[in-house]
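Asker: One structure, pasted below without further comment.
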Amino acid sequence: MEVSLPSYEWFTAEFDKATGLGNCWSGSSGTDGRQGGFDRPLFEYTVHIRRDAEKNQTITASHWIRPAWPLTLSPDAVESRTFPGTREGLAEAAVWLAQAQADSGL
227 MEVSLPSYEW
237 FTAEFDKATG
247 LGNCWSGSSG
257 TDGRQGGFDR
267 PLFEYTVHIR
277 RDAEKNQTIT
287 ASHWIRPAWP
297 LTLSPDAVES
307 RTFPGTREGL
317 AEAAVWLAQA
327 QADSGL
């Protein structure tokens, strides 16, 4: 499954006034339609947008390989990158995640 992100408007539809967070998106690939993903590593990712007090927006994308059960994920395994909080920044995040997924082989 390819990395797929919703529209920019989806991320910015509503911001939490206390945290400045907009909507968050997560996804994964590597599961098997019949057997799921419990016994195999998965490529997982999240993307969220944040607005600071001055209303500046940034997009943060993160990805990691979740190992097969019963192994646990090391916090050092998560790679994150920050992008401008714009439509172009979201497109850059999607490209970065897609490349990471392709590099993972999952």
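With our numbering applied, the sequence shown closes on residue 332, and no number is skipped along the way. Beta carbons are placed, not taken as given, at the ideal position from N, Cα and C, and that holds for glycine. All of these numbers come straight from a predicted model, not from anything done at the bench.
Please report the straight-line C-alpha distance between H274 and P293, rounded to a whole angstrom.
Answerer: Near 23 Å, if we compare the C-alpha coordinates of P293 and H274.
Asker: Please return the same chain residues whose Cβ sits closer than 6 Å to the Cβ of E280, not counting the five positions on each side in sequence.
Answerer: Same-chain partners within the cutoff: there are none.
Asker: Among the candidates R276, S254, D278 and R277, whose CA atom is the shortest distance from the CA of F269?
Answerer: With distances taken between Cα atoms, F269 lies closest to S254.
Asker: Name the residue from G256, W290, A287 and D278 whose alpha carbon lies nearest to the alpha carbon of A244.
Answerer: Among G256, W290, A287 and D278, the Cα nearest to that of A244 belongs to D278.
Asker: If I follow the unbroken beta strand (DSSP E) through A287, where does it start and stop?
Answerer: First-last of the beta strand (DSSP E) with A287: Q283 to R292.
Asker: Expressed to the nearest angstrom, what Euclidean distance is found between the alpha-carbon atoms of E235 and W251?
Answerer: So the alpha carbons of these two residues sit roughly 13 Å apart.
Asker: Quick one: measure Cβ to Cβ for L297 and W290, integer angstroms, because I've assumed they're closer than 8 Å.
Answerer: Not quite, the Cβ-Cβ distance comes to about 13 Å (not below 8 Å), so this is no contact.
Asker: Let me make sure I understand the geometry here. Which of G256, E228, N249 and G248 has the alpha-carbon closest to that of L332?
Answerer: Checking every option, the nearest Cα to that of L332 belongs to G256.
Asker: For G246, does the three-state DSSP call read helix, strand or coil?
Answerer: Reduced to three states, the DSSP call for G246 is coil.
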